[in-house]
Amino acid sequence: MFGFTDYSEYRRHEHEMTRRNERKRHEREIREARRARETGRRTGRTAASGARLARARWA
Numbered sequence: 001m002f003g004f005t006d007y008s009e010y011r012r013h014e015h016e017m018t019r020r021n022e023r024k025r026h027e028r029e030i031r032e033a034r035r036a037r038e039t040g041r042r043t044g045r046t047a048a049s050g051a052r053l054a055r056a057r058w059a
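Following this line, the structure appears as structure tokens:
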């Protein structure tokens, strides 16, 4: 199986990949929310409305 010596090694690798992808997704969401907040401040909207827009985009 893809060069893994046993199933537990394969599952550890899968778990690590899942964890890494979740961490990247979370960091991306934080960046997007921050960007939406900054955009809201520049255009006169409130930070809360920018955060709502960012959350709605990911829903």
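Using the UniProt record's numbering, the first residue of the sequence shown is number 1, and each one after it goes up by one. All C-beta atoms, glycine included, are put in the ideal place defined by N, C-alpha and C. Bear in mind the structure is a predicted one, so any value in this text is a computation, not a measurement.
Cβ-Cβ distance between residue i and residue j below 8 Å
| i | j | result |
| --- | --- | --- |
| F4 | H15 | no |
Between the CA atoms of residue j and residue i - distance to the nearest angstrom
| i | j | result |
| --- | --- | --- |
| R31 | R11 | 30 Å |
| Y7 | M17 | 15 Å |
| H26 | R19 | 11 Å |
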